[in-house]
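Below you'll find the structure, written out as structure tokens, and then a few comments.
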Amino acid sequence: MRYFILFMFASFSFQSFALTNVDVFQSEVILNSEQSSKDADAQARIEGMKAVVVRVSGDRNATSNQTVIKALRQNAQYVTQLSYGQREGEKTLRVSFSAPHIRSLLSQAQLPIWPSVRANLLVWIVEEGPSERSIVWEHSTSEVLKQVREQAQVRGLPLTVPVGDFDDVTGINTSDLWGGFVQPISKSSERYPVDGVLLVKVQGNQIRWTLYDQKPNKMSRVSRAPLSGMSSGQDAAKKVVDQISDYYARNNAVVLASESSESIKVKFNQVNDAFSFFSLENQLKALGSVAAVDILKVQDGQVTFDIHLLSTQQEFEQEMERLSETKKIEKTDFVNSIAITQVIEKNNVEETPVKHQDGSYAQAPLAAPIIPSEIMLEYEWQGKKISSLPKISTNPAVGEGDVEDIIEE
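Numbering (mature numbering (1 follows the signal peptide of the UniProt record, and there is no 0)), first residue to last: -18 to -1, 1 to 391.
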């Protein structure tokens, strides 16, 4: 039934969900033709694993970590699939790595994990030529665009390049981009389902860039200062992608606890339809701090999950703060399933004699034991709602096994 619901949702427009799930656990490496087949394969597995470690961690220096260096020598235990291919006329080895094993390795090495669900950026590139400036479109043969795409693939940074159709060509011009005029850039970018806009201006071997880390329709309305930077040299475009990737990895990656079986209960309000339920569940599963999500209770628009954590509760809450569709409900006096300590006056205490080694007795008071509180966080769901979809529950209370049956009704 869950698959039926997901299929039903596929018929709706998902332009509002621009985040892209990047395949960060696969690599394709060109084989060294000067080595023996065995040695070339072995070296390709090492290089492929290095690429995956950098892509998953978001840390360019991750392969210098001593724990990672040791693991690279034992790379076979991390590999799940091998196949051969061709790229630009050269033989390649495609390597798939085990996601749980790579995450465990990064946890042991105390390296961060950049979740595979990542912000998708629209990239406007304008190049200054000998006589004029021109916009680089999706099918352009620009060397800068080629470098940007290749390095974005290395870092696992999702990019979208404007197609250059009639709407693009008539909606914006080179002077708008070169001058960094927010209004026309915002308007021309709104047609693309992206999470941010990257403006790249190329002058010879020098590149200046500006990043608007917000959806296009908010660029002209939200007073958030853009980020900017520059790079130079033959690999200037590569440096730009590294700078942008470092920024997103730094803001979204979490460091996993080396051993964590911690789980917390989290309640969400205003989850009134199946669309909201599955959207919320998928967003929770995509968080880097979350190992698994169990549904405990669905009742009157409220859903309670048992969240199994890979890291600490603090890092989970930090990730939740970055979700634009949830808002934490602060509680100052929340008590859940707790036995309050009884206040016992001295003259009402029941006492039991305790014998000392010297044969004397003392009176020891008996007090009721304290049962520790069970942690529960509470959030309000503020995501998109589709009123025509069925509600999750009209029953007083249901558990996980009943959710799909109720949706079917």
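No residue lacks a Cβ here, since even glycine has one placed at the ideal position from N, Cα and C.
Cβ pair residue i, residue j closer than 8 Å
i, j, result
"I311", "E362", "yes"
"residue 404", "A33", "The question about residue 404 has no answer, for the chain in this structure spans -18 to 391."
"G211", "Q225", "yes"
"D177", "L1", "yes"
"T87", "A53", "Just to set this straight, residue 87 is Leu in the shown sequence, not Thr. The answer is yes: Cβ separation under 8 Å."
"I117", "L159", "yes"
"Q133", "V275", "no"
"G161", "L262", "no"
"I84", "Y60", "yes"
"D149", "R115", "no"
"F250", "Q284", "yes"
"P208", "T192", "yes"
"W106", "V182", "yes"
"P198", "S171", "yes"
"S78", "Q63", "yes"
CA-to-CA distance, residue j to residue i, given in whole angstroms
i, j, result
"V108", "H121", "14 Å"
"G40", "M31", "14 Å"
"S89", "L139", "22 Å"
"Q8", "R76", "7 Å"
"D147", "R203", "27 Å"
"K247", "T308", "16 Å"
"N233", "S18", "43 Å"
"V143", "D23", "34 Å"
"Q185", "R131", "19 Å"
"L180", "G153", "17 Å"
"L127", "E110", "14 Å"
"S213", "L266", "37 Å"
"V280", "V11", "47 Å"
"Q25", "D282", "57 Å"
"N3", "N155", "32 Å"
"F(-7)", "L238", "With a pLDDT of only 37 at F(-7), under 50, the local geometry of the prediction cannot be trusted, and the value read off the model is given with reservation. Looking at the two C-alpha atoms, the distance is approximately 35 Å."
"S80", "S227", "23 Å"
"A101", "Y194", "12 Å"
"K169", "Q196", "13 Å"
"T286", "N264", "14 Å"
"G71", "R42", "28 Å"
"L141", "N187", "22 Å"
"S258", "L13", "47 Å"
"N303", "S124", "Reading off the sequence shown, one finds Glu at residue 303, where the question assumed Asn. So the alpha carbons of these two residues sit roughly 39 Å apart."
"I93", "Q252", "In the sequence as presented, Ile is not what sits at residue 93; that position holds Leu. Approximately 36 Å, taken between the alpha carbons."
"V151", "Y229", "31 Å"
Close-in-space but distant-in-sequence residues of the same chain around residue i (CB under 6 Å, 5 per side omitted)
i, result
"V145", "E120"
"A231", "G40, W96"
"V6", "R37, V38, S98, G138"
"Q129", "A219, K220"
"A91", "N47, T49, V50"
"S65", "R76"
"E244", "L291"
Neighbourhood of residue i by C-beta, 7 Å cutoff - its chain only, sequence neighbours within 5 removed
i, result
"Q68", "T74"
"V164", "M201, S202"
Residue environment, residue i, which counts as buried when at least 16 other CB atoms sit within 10 Å
i, result
"P351", "With a pLDDT of 40 at P351, under the threshold of 50, the modelled position of that residue is not reliable, and no figure is offered here."
"P82", "exposed"
"N47", "buried"
"D21", "exposed"
"E332", "For E332, the predicted model reports a pLDDT of 47, less than 50, meaning its position is unreliable and no value from the coordinates is stated."
"I167", "buried"
"I51", "exposed"
"S306", "exposed"
"D217", "exposed"
"A44", "buried"
"K313", "exposed"
"L269", "buried"
"K328", "The predicted model places K328 with a pLDDT of 43, which falls under 50 and marks its position as unreliable; any figure quoted below should be read in that light. Exposed, by the Cβ-count rule."
"residue 400", "Residue 400 cannot be examined here, being either before or after the span of the chain that is shown, -18 to 391."
"S15", "exposed"
"S205", "exposed"
"P112", "exposed"
"I322", "With a pLDDT of only 38 at I322, under the threshold of 50, the placement of this residue in the model should not be trusted; the figure read from the coordinates follows. Per the 10 Å Cβ criterion, exposed."
Residues near residue i in its chain [Cβ-Cβ closer than 8 Å; skip 5 each side]
i, result
"A58", "R27"
Length at least 3, wholly inside the region 196 to 278: the beta strand (DSSP E) runs in chain order: 209 to 214, 245 to 251
At 3 residues or longer, and completely inside the region 46 to 100: list those beta strand (DSSP E) runs for me, N to C. Qualifying beta strand (DSSP E) stretches, in chain order: 61 to 69, 72 to 79.
Go through the region 110 to 198 residue by residue and report every complete run of the alpha helix (DSSP H) that reaches 4 residues or more, in order. 125 to 137, 148 to 153, 156 to 161, 164 to 171
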